[in-house]
Every structure is written in structure tokens, then in C-alpha cells.
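First the structure, in the form of C-alpha cells, and then the observations on it.
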Amino acid sequence: MFNPYDTKSAKIVKITDQTPDIKLFEFAFNKMHFQLRLDEDILHKPGQFMILSLPGFGEAPFAPCSGTRNKNIELCIRAAGRLTNRLHALKTGDKVGIRGPFGSGWPSLAGPNPAELGGQLKKNVLIVVGGLGLIPLRTLILGKNDFLDKDAKVQIFYGAKHPSEMLFRNEYDDWRKNGINLQLTIDKVCEDWKGCVGLVTKLFDVASLVLNARAFICGPPVMYKFVLEKLKKHGFSDEDIYLSLERRMHCGIGVCQHCGVGPYYTCKDGPVFQYSRIKNIQGAI
Ligand SMILES: Cc1cc2nc3c(=O)[nH]c(=O)nc-3n(C[C@H](O)[C@H](O)[C@H](O)COP(=O)(O)OP(=O)(O)OC[C@H]3O[C@@H](n4cnc5c(N)ncnc54)[C@H](O)[C@@H]3O)c2cc1C
Ligand code: FES
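Going by full-length UniProt numbering, the sequence shown opens with residue 1, and the numbers climb by one from there.
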């Protein structure tokens with residue numbers, strides 16, 4: 001039986017610097033753990049989260065961003081405080097604890113869980129992300145053919161403060177070769193940047209928007225209101241907008257009540273919510 005508190009030992013097998021304070025960690029589980037829990041084809045769905053722990057430093061939720069058919073799990077982590085600073089000091093070969101995956105993911109239109117979708121479906125996807133918000137979408141981007149209709153168009157609007165803070169930069173050519181329309185912007189003018197300058201919402205004014213699409217939003221909370229305004233202006237219905245909410249989490253499974261949003265728990269009912277479900281909940285966004 002799946003025990004949500006059962007923490008697996010995971011070994012760091014690769015560490016890649018993404019930005020000065022963000023690293024991409026690849027973790028391998030031992031073979032027995034794979035047989036117990038992780039021997040399914042899909043390790044996690046795009047948009048779910050896992051809880052990583054270090055004895056003496058606590059635990060925290062992170063969104064896996066690996067290709068779902070990878071044997072190993074990748075987590076992209078910003079050094080933000082006690083646990084994550086300690087994690088950034090670790091080396092390959094060191095071990096951490098990981099439990100999960102938990103929560104709902106981004107809705108898919110193909111692949112393992114087409115039944116989770118309801119209502120009138122749009123097959124294309126517009127991803128609007130800022131900063132770390134790209135992390136929980138990378139699995140969807142890498143697994144585009146698993147999770148979306150094979151003809152689905154994917155357009156990404158990604159905003160970062162500075163080009164050096166853009167995540168997964170060395171993958172953009174491959175994403176584009178895979179048919180993804182990637183639109184980038186940075187907050188302020190900077191030398192050597194020839195692309196769009198302005199907040200992520202600026203891309204709605206300069207790029208031609210994918211049609212017949214659902215929108216997936218993830219980023220700093222301040223971004224949501226303005227992105228929602230743009231989406232509404234472009235005719236997206238509340239049912240076609242999905243957003244990932246970030247709340248302080250502890251248990252990750254709807255027990256401790258730390259992550260409540262109205263009648264929902266972000267860990268159990270989210271972190272991805274259809275906008276129509278939460279739009280009337282005060283303080284949700
Ligand atoms: C579902 C989910 C997925 C996440 N995915 C990622 C990810 O992929 N990569 C990543 O780098 N981070 C992610 N985070 C955030 C990450 O969990 C926190 O940065 C982490 O808890 C920091 O732990 P710490 O002990 O190092 O910092 P702490 O010492 O606990 O905190 C450092 C600072 O961050 C603030 N903080 C910590 N967590 C939150 C929060 N949830 N909301 C607002 N402020 C907070 C604290 O108040 C403090 O100011 C995610 C959070 C959630 C809820
Ligand atoms: S983290 Fe405990 S209820 Fe959500």
C-alpha cells in the first residue's frame with residue numbers, strides 16, 4: 001500500500017548550475033525503491049510536486065521537472081533558506097529523502113490520464129510563466145507527445161528578470177525543433193539582448209497568439225492578476241485557464257491544514273486549479 005510519509009533515499013547523480021542561485025539536481029533511487037513505487041512507466045505527472053527532506057534541515061515541496069519516462073527525477077531548486085542552502089552545498093553521491101509525487105498536475109489531452117479532463121476541450125496550449133514558474137512546466141514540454149494531442153500547438157510566454165536568470169537555456173533550440181513556439185522577454189533593457197523587453201504580459205502585444213488553446217499559468221503571485229486580464233481580453237474562458245498556486249506546505253496530503261484555499265487544500269486538490277474553481281475564493285490569487 002502507498003504510504004505518503006514513506007521517504008525514499010535518493011542519491012544525487014548530477015548537479016547543473018542554472019543561474020547563480022538555482023541548480024538542477026538529478027536524483028537516482030535505488031533499484032528496490034523503483035520496484036516498490038517507481039516502476040510504472042510514468043514517474044510523475046507534469047505539475048505535481050514531491051517533498052524533499054534532509055535530516056536536521058527539514059523538508060519542503062518542489063516540482064519535479066524531469067521527463068516523465070526518465071528513470072531519475074530532476075528537481076530545479078533555488079537557494080532560498082535553510083534547507084535549500086544546505087542542499088546547494090551537497091555534492092554528487094550525497095543522499096536526500098524524497099516522498100511523493102503529490103497533488104494534481106496540469107490537465108492533459110492524451111497520455112495516461114485523458115479522463116481527468118472535463119468540459120469543452122481545447123487542444124492547443126498557451127503556457128504563461130515567470131521566473132521559477134517554468135519549472136513545473138518543463139515535464140509537460142519534454143513530454144509534449146505523451147501528454148497532449150499529437151497535433152497540439154504549444155506556445156510559451158516566458159518572462160525573466162535578466163537573460164542570465166532564464167532556466168533551461170541550453171534546451172530552447174531542442175524545444176523549438178520539437179515545434180514549440182517559445183517567446184521570451186526580460187524585465188529591463190540589457191546589453192546583448194535583442195528580444196522583447198517588458199513583463200511577461202507584453203508578449204500578448206507582440207506575439208501572435210495560439211488559437212483554440214487552454215492557458216497554463218505559473219509564476220510569482222503578482223503576475224497572475226495581470227495575465228488573467230490579458231487572457232480574458234483575448235477571449236479565454238474561465239474553464240480554459242489553469243493556474244498553479246503556491247502555499248506553505250507541510251504534510252503534502254491534506255492532513256495538516258496549512259495550505260487551505262477556501263474549501264480546498266493546495267497540496268491535495270491542487271497545486272494546479274482550473275480558474276473557474278477558485279476565482280470566487282477571496283485571497284486565492
Ligand atoms: C507546490 C510547490 C512547489 C514548489 N516547487 C519549487 C521548485 O520547483 N523549485 C524551488 O526552488 N522552489 C519550489 N517551491 C518553493 C520551495 O518549497 C521553498 O522555496 C522552500 O520551502 C524553501 O525552503 P527552505 O527551508 O530552504 O527555506 P525557508 O528557510 O523555509 O524559507 C526561506 C524564505 O522563503 C519563504 N518561503 C518558503 N516557502 C514559501 C512558500 N511556499 N511561499 C512563500 N514563501 C515561502 C520563507 O518565508 C522565507 O522567507 C515550491 C513550493 C510549493 C508549495
Ligand atoms: S500541506 Fe498539509 S494540508 Fe496541505
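Beta carbons are placed, not taken as given, at the ideal position from N, Cα and C, and that holds for glycine.
Task: Rounded separation between H44 and W175 - CA only - done: Taking the sequence shown and counting its residues from 1, one reaches residue 44 at position 44. Taking the sequence shown and counting its residues from 1, one reaches residue 175 at position 175. If I take the Cα positions, the gap works out to 20 angstroms.
Open item on the list: Going by DSSP, what residue range makes up the alpha helix (DSSP H) through R138?
Closed with: For the purposes of this step, residue 138 is identified with residue 138 of the sequence shown, where counting begins at 1. Segment 135 to 142, the alpha helix (DSSP H) holding R138.
Task: Residues near V210 in its chain [Cβ-Cβ closer than 6 angstroms; skip 5 each side] - done: Taking the sequence shown and counting its residues from 1, one reaches residue 210 at position 210. Hits under 6 angstroms: N124, L126, K153, Q155.
- [ ] Could you tell me the boundaries of the beta strand (DSSP E) in which P61 lies?
- [x] Along the sequence shown, read from residue 1 onward, the residue named residue 61 stands at position 61. Residues 58 to 62.
Open item on the list: With three or more beta-carbon pairs closer than 8 angstroms as the criterion, would you say the segment 262 to 270 touches the segment 94 to 107?
Closed with: yes
TODO: Compute every distance between the C-beta of F166 and the non-hydrogen atoms of ligand 2, then say whether any falls below 6 angstroms.
DONE: Within the sequence shown, the letter at position 166 stands for residue 166. Note on residue identity: the sequence assigns Met, not Phe, to residue 166. The answer is no for M166.
Open item on the list: Checking the sheet assignment: what are the DSSP bridge partners for I186?
Closed with: To locate residue 186, count along the sequence shown from 1; it is residue 186. Looking at the DSSP assignment, I186 forms a beta bridge with A160, V197.
Open item on the list: DSSP three-state label for P271, please.
Closed with: As a working note, residue 271 is residue 271 in the sequence shown. P271 falls in the coil class under three-state DSSP.
Open item on the list: In this structure, how does DSSP classify A284 when only helix, strand and coil are distinguished?
Closed with: In the sequence shown, counting from the first residue as 1, residue 284 sits at position 284. Note: A284 maps to coil in three-state DSSP.
TODO: Could you spell out where the alpha helix (DSSP H) holding N124 opens and where it closes?
DONE: The residue you call residue 124 lines up with position 124 of the sequence shown. Counting along the chain, N124 falls outside any alpha helix (DSSP H), though it belongs to the beta strand (DSSP E) covering 124 to 130.
Task: K225 - containing alpha helix (DSSP H), residue span - done: Residue 225 sits at position 225 when you count from the first residue of the sequence shown. Element bounds for K225: 221 to 233.
Task: Three-state class that DSSP yields for Q120 in the structure shown - done: Taking the sequence shown and counting its residues from 1, one reaches residue 120 at position 120. The predicted position of Q120 is uncertain, since its pLDDT is 48 and thus under 50; no value can be drawn from it.
TODO: From the DSSP output, in three-state form, read off F168 for me.
DONE: Walking along the sequence shown from the start, residue 168 turns up at place 168. In the structure shown, F168 sits in coil (DSSP, three-state: anything other than H, G, I, E or B).
Open item on the list: Looking at the secondary structure, which residues open and close the alpha helix (DSSP H) in which R78 lies?
Closed with: Taking the sequence shown and counting its residues from 1, one reaches residue 78 at position 78. No alpha helix (DSSP H) holds R78; the beta strand (DSSP E) holding it covers 73 to 78.
Open item on the list: G130 and V189 - do their beta-carbons sit closer together than 7 angstroms?
Closed with: Position 189 of the sequence shown, counted from the start, is the residue given in the question as residue 189. Position 130 of the sequence shown, counted from the start, is the residue given in the question as residue 130. No.
Open item on the list: For a test of the three-state rule: what should DSSP assign to N113, helix, strand or coil?
Closed with: Here residue 113 refers to the residue found at position 113 when the sequence shown is read from its first residue. Confidence is the limiting factor: at N113 the pLDDT is only 46, short of 50, which leaves the residue's position unreliable, though a coordinate-based value still follows. Residue state, collapsed to three classes: coil.
- [ ] Between the Cα of residue 286 and those of L184, A207, S208, spot the shortest distance and give me the residue it belongs to.
- [x] Nothing can be reported for residue 286, as the shown portion of the chain is limited to 1 through 285.
Open item on the list: Comparing C-alpha positions only, which one of L140, V255, G195 sits nearest to G159?
Closed with: Counting from one through the sequence shown, the residue named residue 159 turns up at place 159. Among L140, V255, G195, the Cα nearest to that of G159 is on G195.
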